[in-house]
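Heads up, the thing below is written out as structure tokens.
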């Protein structure tokens, strides 16, 4: 695999997130997010039903969650978004690896291993613009059949220890669409859905970017 070179800002932000996992962090409204709730992976629950359908219809046997945070709900129950689960691992019922370089327990990644499905939820907006190309390339190289992405296109409520907003890379759905299209050679071989989350007038809206697949192929609501 290529030798990906992170930027200085990327490496600095890694250290910020390592600290936030351990100590918690400040929110833009002045409140504090306690360590146990700091990037515990709850964003993944929003898409649990859809990912289940992707697993079934594409005969997925192995999965990597890239940027999983603490991955708390892979081992613990949840009752959110109209879905009561013993755990995500139990619900999806496939072999799953977790990776997040900022949380020690999940910080190991087998660079030579590929997966039927790679998911990357609430991650790319935290990646500096200069690093997006190599991160996307890595995601596409790790995926054998399918890549599922969710990216926020709005400011975060979380603040980094240096006071900056945690979403350091806020772009439009159009920008993300064009960015992903730059990888046409890899898109020939796998399916990709990228759901962009936009916040307008205090409400979240979801804009799907679809490559070789469509959300309409899945009944997940």
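Numbering (my numbering), first residue to last: 11 to 231.
Ideal Cβ positions, reconstructed from N, Cα and C, are used throughout, including at glycine.
Nothing here was measured: the structure is a model prediction, and the numbers come from that model.
Tell me, to the nearest whole angstrom, how far the beta carbon of residue i is from that of residue j; I am working on the premise that it is less than 8 Å.
i: residue 157; j: residue 170; result: Contact doesn't hold; Cβ gap of about 27 Å is too wide.
i: residue 205; j: residue 216; result: 5 Å
i: residue 71; j: residue 107; result: Actually they are not in contact, since the Cβ atoms of residue 71 and residue 107 sit about 12 Å apart, beyond 8 Å.
When burial is assigned at 16 or more other CB atoms within 10 Å of the CB, is residue i buried or exposed?
i: residue 100; result: exposed
i: residue 211; result: exposed
i: residue 152; result: buried
i: residue 191; result: exposed
i: residue 66; result: exposed
i: residue 57; result: buried
i: residue 221; result: buried
i: residue 203; result: buried
i: residue 93; result: exposed
i: residue 41; result: exposed
i: residue 69; result: exposed
i: residue 136; result: buried
i: residue 181; result: buried
CA-CA distance, residue i and residue j?
i: residue 73; j: residue 55; result: 16 Å
i: residue 45; j: residue 80; result: 10 Å
i: residue 134; j: residue 161; result: 6 Å
i: residue 257; j: residue 104; result: Since the first and last residues shown for the chain are 11 and 231, residue 257 lies out of range.
i: residue 168; j: residue 62; result: 29 Å
i: residue 225; j: residue 141; result: 28 Å
i: residue 223; j: residue 185; result: 20 Å
i: residue 173; j: residue 214; result: 24 Å
i: residue 39; j: residue 31; result: 19 Å
i: residue 47; j: residue 123; result: 30 Å
i: residue 113; j: residue 33; result: 12 Å
i: residue 43; j: residue 97; result: 23 Å
i: residue 84; j: residue 90; result: 14 Å
i: residue 102; j: residue 128; result: 13 Å
i: residue 36; j: residue 155; result: 38 Å
i: residue 188; j: residue 198; result: 16 Å
i: residue 143; j: residue 194; result: 13 Å
i: residue 11; j: residue 146; result: Residue placement at residue 11 cannot be trusted, given a pLDDT of 48 that sits under 50; what the coordinates show is reported in the next sentence. Between residue 11 and residue 146, the C-alpha separation is close to 14 Å.
Excluding five sequence neighbours on each side, which residues of the same chain lie with their C-beta closer than 7 Å to the C-beta of residue i?
i: residue 209; result: 164
i: residue 82; result: 50 and 51
i: residue 119; result: 109
i: residue 132; result: 53, 160 and 162
i: residue 196; result: 150
i: residue 29; result: 171
i: residue 25; result: none
Leaving aside the five residues before and after residue i along the sequence, list all residues of the same chain whose C-beta is less than 6 Å from its C-beta, in chain order.
i: residue 166; result: 175, 176 and 177
i: residue 130; result: 76, 77, 149 and 159
i: residue 27; result: 112
Apart from the five residues just before and just after residue i, which ones in its own chain have a Cβ nearer than 8 Å to its Cβ?
i: residue 183; result: 163, 206, 208, 217 and 219
i: residue 138; result: 17, 19, 20, 23, 178 and 179
i: residue 228; result: 60, 63, 64 and 67
i: residue 117; result: 109, 110 and 111
i: residue 87; result: 94, 95, 96 and 97
i: residue 15; result: 144
Would the C-beta of residue i count as close to the ligand ZN, meaning under 7 Å from any of its heavy atoms?
i: residue 229; result: Ligands displayed in this structure: none; no statement on the ligand ZN is therefore possible.
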